[in-house]
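Position 73, counted from 1, in the sequence shown is what the working numbering calls 138; the numbers after and before it change by one each time, with no gaps.
From the three backbone atoms N, C-alpha and C, an ideal C-beta is built for every residue, glycine too.
In what follows, a single structure is set out as structure tokens and then discussed.
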Amino acid sequence: MFQRLSRPSTLGSFRAFPFQRSYAAARHGAPADEADLSAARTWLSNLSPTTIPRTICQISFSRSSGPGGQNVNKVSSKATLRVPTSTLLPLLPALLRPHILASRYHAAKSHDLVIQADESRKQADNVEACFRKLSEVVAEAGREAVPGETSAAQGKRVEGLQKAEAAGRRRMKEMQSKKKSARRGGGGRDDG
66 MFQRLSRPST LGSFRAFPFQ RSYAAARHGA PADEADLSAA RTWLSNLSPT
116 TIPRTICQIS FSRSSGPGGQ NVNKVSSKAT LRVPTSTLLP LLPALLRPHI
166 LASRYHAAKS HDLVIQADES RKQADNVEAC FRKLSEVVAE AGREAVPGET
216 SAAQGKRVEG LQKAEAAGRR RMKEMQSKKK SARRGGGGRD DG
């Protein structure tokens, strides 16, 4: 666990290996405060396919695959949307950022979100489908990162269930205690 240094240093003769924090620990470490959660909920409630500015995106077209006859061979109708995460992430609430980077659409080498659509034979429809998928990716990240608000009635119900569970646990402990004291001879057994 410790490594011996060949020459003395200010740390002493032993030095521990460096400790690296995993990304999962950083992501799920401290809970978010209520202000961040409410800001993220507000932002997500206003999310639409036009929320993310189209100026930060790069769209390219290529030949689509599948059936379609001569149209598939002649027309480049498949749309590919590339969104650099360096420009996208500052626009999103901080709670969503780790989930966006963990998305299946994130290209690790280029640090872009790459979304493709070739459902339609028209370029314009495929571009709209790409932006719709992008907003769905962000909305899914929001569902994973931001818990829903608990209503007052639900909070009271949970509190009542917790109290009932604590009372039941206390009763079980008392029963176990009485059972053990009876085994020790303090339970009023007649040896006659």
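Would you kindly work out how many angstroms separate the C-alpha atoms of residue i and residue j, rounded to a whole number?
{"i": "residue 156", "j": "residue 126", "result": "26 angstroms"}
{"i": "residue 208", "j": "residue 168", "result": "13 angstroms"}
{"i": "residue 153", "j": "residue 230", "result": "46 angstroms"}
{"i": "residue 172", "j": "residue 139", "result": "29 angstroms"}
{"i": "residue 213", "j": "residue 219", "result": "12 angstroms"}
{"i": "residue 182", "j": "residue 227", "result": "48 angstroms"}
{"i": "residue 123", "j": "residue 111", "result": "23 angstroms"}
Using three-state DSSP, classify residue i as helix, strand or coil.
{"i": "residue 221", "result": "helix"}
{"i": "residue 173", "result": "coil"}
{"i": "residue 117", "result": "coil"}
{"i": "residue 125", "result": "strand"}
{"i": "residue 233", "result": "helix"}
{"i": "residue 249", "result": "helix"}
{"i": "residue 155", "result": "helix"}
{"i": "residue 66", "result": "Model confidence at residue 66 stands at a pLDDT of 46, short of 50, so the residue's coordinates are unreliable; what they give is reported in the following sentence. Residue 66 falls in the coil class under three-state DSSP."}
{"i": "residue 214", "result": "coil"}
{"i": "residue 242", "result": "helix"}
Going along the chain, which residues of its own chain have a beta-carbon closer than 7 angstroms to the beta-carbon of residue i, five neighbours each way excluded?
{"i": "residue 211", "result": "102, 105, 106, 109, 160"}
{"i": "residue 177", "result": "147, 148, 149, 150"}
{"i": "residue 221", "result": "none"}
{"i": "residue 241", "result": "none"}
{"i": "residue 217", "result": "none"}
The alpha helix (DSSP H) with residue i in it runs from where to where?
{"i": "residue 147", "result": "Unbroken run through residue 147 is the beta strand (DSSP E), 143-149; no alpha helix (DSSP H)."}
{"i": "residue 110", "result": "99-110"}
{"i": "residue 199", "result": "188-210"}
{"i": "residue 166", "result": "162-166"}
Starting from residue i, follow the beta strand (DSSP E) in both directions and report where the run begins and ends.
{"i": "residue 179", "result": "177-182"}
Which residues in the same chain have their Cβ closer than 6 angstroms to the Cβ of residue i, if we skip the five residues on either side of it in sequence?
{"i": "residue 206", "result": "161, 164, 165"}
{"i": "residue 128", "result": "141"}
{"i": "residue 180", "result": "146, 170, 195, 198, 199"}
{"i": "residue 225", "result": "none"}
Nearest by alpha-carbon distance to residue i: which of the options is it?
{"i": "residue 184", "options": "236, 203, 130, 201", "result": "130"}
{"i": "residue 201", "options": "100, 98, 117, 244", "result": "117"}
{"i": "residue 187", "options": "248, 112, 144", "result": "144"}
{"i": "residue 98", "options": "122, 250, 158, 121", "result": "158"}
Please work out which residues of its chain come closer than 8 angstroms, Cβ to Cβ, to residue i, disregarding the five sequence neighbours upstream and downstream, and give them in chain order.
{"i": "residue 119", "result": "196"}
{"i": "residue 193", "result": "114"}
{"i": "residue 215", "result": "223"}
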